[in-house]
Amino acid sequence: MTEIYRHRDFASASSFQPLPPVASEELPERSSWLIGLEAFFVQTRPYFWIIQGVMFLLFLLVLGLPLLLPDPPAETTPLSNATLALQYLLWGIWFPLVFLSVIVFGRIWCGLLCPMGAASELANRYGLQRRIPAWIRWEGTPALSFIVMTLYGQTIGVRDHPEASAGLFGGTMLLAIAIGGLYGRKKRVWCRHLCPIGRVLGLYSRLGAVQFTPKIRLPGGDAYSQKGACPTMIDLPRKSESRHCIECFRCVHPQAAGSVRLDLRRPGREIEDIRDHRANKAEAWFLFMDTGVALGGFLWLVLPQYQQWRQAFGVFAIEHHWKWVTAIGPSWLMSVHPARAEVFRWLDFTMIVFFMLAVMAILTVILALLTAMSAFLARRAGADGRIGQLFTELGYQYAPIALISLIIGLGAELLEPLRYTALGASGAGAIRGGLFLMGLAWSVWLGIKILERQNVAPRRRFLPLLPGIAGSLFVGLGWWPAIIGL
């Protein structure tokens, strides 16, 4: 058998030490239709670029065409106006369905459909292919990328103005191409380390029903490798987690004994057994923070208290002669659209950013304290492991409620057409409420299974579970205006 090598240092591509070959672990038999599905993707893999090219053209159409069209008149709908139709396609269909898709398909959007990742990889093929710097490889970089992008999207009014959508997504595309042109060698550095959406999809792909399993697994857990076929730098023989896998099928070779194969699992199974799938401290904290900043981006738009605080801060600033707060800011940084009766001043920019960061901080602290309480109680109840390890593992229990709340709150347009059917507004609200209850129940179930894997006896799981339930309910309370209404 060919020797398999491991990096001594993940930042170095030149130092290797040989590892002994490991026999294939016992893998379950697969159904014929799953084997056929795998074969279909393997056979069509050379043509994925066609799909990505079509998505790139659609990307240009959705973002570029509204710039050429007049503003929609009042009382028009997506059925009668092209601009609103394209806006609904972006925020009412693409945004929520991409997040929903990870539960069933994992990150297939990233590997099969995303035009940004494909463009970044194409640029890398002809680029400088420099070594990936440490600041890009840092675990916190994608979290900062998501937070900054979310804040920026809110200050420029990305949902309301086609210029803002084109600027945000177009700028992100150019940045992805630039990163691909500079760093890595035949890899997707952007997808692994910097993509703000990719990091979130990677987190929630742990809930997904799809996994790619090594036929021969080496010990030691997941590792980072800039060698091999994986464009997101997964050391394939050690692959045990889904978050970095973009499902490009390049590692799948059905006839090769040392390849990777397509498998299905129960949704949420990876988090149920998160102890065996490299629970990551930075990822658990990111789950708290991304939920908080997204919630802040929703609440400032709907809470009347926000307008009261804005007014109070404005009065305070004027009384103290802070003239800068009344100045109109640059249009590349905030929404300046006088023809649409929306002109942000530095007051608005400051308040939006501060409010969103404050909500993020508050929710992060509350979830962290409740999770720490769960970890402490679990340890008292006989859980195996250190408090820090238990904390990280239990932090993942909030993934379902956070994902469902994100879809309900920021993807609310998906259900808007139901208001004009026999279901009406109450029917749409009932569906939102049902989705929330499903997410809550799923989070509770994950909490139970995580405690089980931590070897907490069934009769002693109730107390460690209570703080997690409280945390899930608190997340739901934050999204209450989206689920039920004010």
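Residue numbers (UniProt numbering): 1 to 486. All C-beta atoms, glycine included, are put in the ideal place defined by N, C-alpha and C.
Following the continuous alpha helix (DSSP H) through residue i, name the residue where it begins and the one where it ends.
i, result
"Thr421", "From DSSP, Thr421 is part of no alpha helix (DSSP H); its letter is neither H nor E."
"Leu262", "Careful: Leu262 lies outside any alpha helix (DSSP H), inside the beta strand (DSSP E) at 260-264."
"residue 503", "Residue 503 lies beyond the residue range present for the chain, which begins at 1 and ends at 486; the question has no answer from this structure."
"Asp71", "Run containing Asp71: none; DSSP gives neither H nor E here."
"Val325", "First-last for Val325: undefined, no H or E at that position."
"Gly36", "32-44"
"Val252", "Unbroken run through Val252: none, as it is neither H nor E."
"Leu112", "Neither: Leu112 is in no alpha helix (DSSP H) and is coded neither H nor E."
"Arg137", "134-137"
"Met373", "346-380"
"Lys281", "281-302"
"Thr83", "82-88"
"Glu393", "387-395"
"Glu272", "269-272"
"Thr172", "162-182"
Rounded to whole angstroms, what is the Cα-Cα separation between residue i and residue j?
i, j, result
"Arg159", "Cys251", "38 Å"
"Ala144", "Leu465", "The sequence given here places Leu at residue 144; Ala does not occur at that position. Answer to the nearest angstrom: the Cα atoms are 30 Å apart."
"Ser14", "Leu236", "Reliability fails at Ser14, whose pLDDT of 36 lies under 50, so the model's placement of it is uncertain and the value that follows must be treated cautiously. Straight-line Cα distance between these residues: approximately 18 Å."
"Ala422", "Ile450", "42 Å"
"Leu175", "Val353", "23 Å"
"Gly471", "Ala341", "39 Å"
"Tyr5", "Arg278", "Confidence is the limiting factor: at Tyr5 the pLDDT is only 35, short of 50, which leaves the residue's position unreliable and the question unanswerable from this model."
"Pro417", "Tyr47", "35 Å"
"Arg453", "Leu27", "21 Å"
"Thr77", "Phe474", "35 Å"
"Pro21", "Gly157", "Confidence is the limiting factor: at Pro21 the pLDDT is only 46, short of 50, which leaves the residue's position unreliable and the question unanswerable from this model."
"Ala11", "Gly296", "Unreliable placement is indicated for Ala11, whose pLDDT of 36 sits below 50; the coordinate value is still reported in the next sentence. Rounded to the nearest angstrom, the two C-alpha atoms are 36 Å apart."
"Phe56", "Glu163", "18 Å"
"Pro338", "Arg275", "54 Å"
"Trp480", "Gly292", "14 Å"
"Leu370", "Gly476", "15 Å"
"Val104", "Ser205", "9 Å"
"Ile177", "Leu63", "17 Å"
"Trp94", "Gly220", "38 Å"
"Phe99", "Leu435", "14 Å"
"Gln389", "Arg310", "41 Å"
"Glu247", "Gly106", "8 Å"
"Arg243", "Ala312", "43 Å"
"Asn455", "Glu241", "21 Å"
"Leu207", "Glu283", "14 Å"
What does a CB cutoff of less than 6 Å around residue i pick up in its chain, not counting 5 residues either side in sequence?
i, result
"Met289", "Met360, Thr364"
"Asp263", "Gln211, Thr213"
"Gly153", "Leu168"
"Thr113", "Checking the sequence, you will find Leu at residue 113 rather than Thr. Met55."
"Ala317", "Val325"
With residue i as the anchor, note down where its beta strand (DSSP E) starts and where it stops.
i, result
"Leu203", "It is not in any beta strand (DSSP E) - Leu203 instead sits in the alpha helix (DSSP H) that spans 196-204."
"Gln211", "210-214"
Report the residue from the options whose alpha carbon sits nearest the alpha carbon of residue i.
i, options, result
"Pro115", "Gly434, Val325, Cys191", "Cys191"
"His253", "Thr44, Arg125, Gln389, Val200", "Thr44"
"Val39", "Ser405, Ile407, Val260", "Note on identity: in this sequence residue 39 is Ala, with Val being the wrong assignment. The shortest C-alpha separation from Ala39 is found at Val260."
"Trp285", "Phe391, Pro72, Trp346, Lys227", "Phe391"
"Trp442", "Glu272, Gly292, Ala317, Ala368", "Glu272"
"Gly202", "Leu63, Tyr396, Val343, Ile136", "Tyr396"
"Ser331", "Gly478, Phe344, Gly228", "Phe344"
"residue 492", "Leu207, Glu29, Tyr183, Cys195", "The question about residue 492 has no answer here: the residues shown for the chain are numbered 1 through 486."
"Leu97", "Phe298, Ile197, Thr155, Leu440", "Ile197"
"Ile469", "Gly434, Cys110, Leu394, Ala425", "Leu394"
"Gly439", "Pro458, Ile404, Val456", "Ile404"
"Leu67", "Gly111, Val42, Gly170, Lys227", "Gly170"
"Leu60", "Ala368, Phe316, Met173", "Met173"
Taking 7 Å as the limit between beta carbons, can you name the residues of its chain near residue i, skipping five residues before and five after?
i, result
"Leu415", "Ala428, Ile431, Arg432"
"Val200", "Phe146, Asp290"
"residue 491", "Lying outside 1 to 486, the shown extent of the chain, residue 491 is not represented and no answer is given."
"Trp300", "Tyr306, Ile352, Phe355, Met356"
"Trp346", "Trp324, Val325, Ala327, Gly329"
"Ala412", "Ala482"
"Ala123", "Ile177, Gly180, Gly181"
"His193", "Ile136, Arg137, Thr141, Pro142"
Tell me which same chain residues have a C-beta within less than 8 Å of the C-beta of residue i, skipping the five on either side of it?
i, result
"Met373", "Pro467"
"Ala294", "Thr150, Leu406, Gly409, Leu410"
"Tyr126", "Gly181"
"Ala457", "Ala381, Gly382"
Chain D beta carbons: is any one of them nearer than 8 Å to that of residue i?
i, result
"His320", "Looking at the structure shown, chain D is missing, and only one protein chain is on hand."
- Is the stretch 266-277 in contact with the stretch 396-405, if contact means three or more CB pairs nearer than 8 Å? yes
- Query: If you pair each beta-carbon of the stretch 458-476 with each one of the stretch 372-386, do three or more pairs fall below 8 Å?
  - Reply: yes
- Flag this pair as touching only if the stretch 442-458 and the stretch 123-139 have three or more C-beta atom pairs under 8 Å; answer yes or no. Per the Cβ contact rule, the stretch 442-458 is not in contact with the stretch 123-139 (fewer than 3 Cβ pairs under 8 Å).
- Can you find at least 3 beta carbon pairs, one from the stretch 86-101 and one from the stretch 178-188, that sit closer than 8 Å? no
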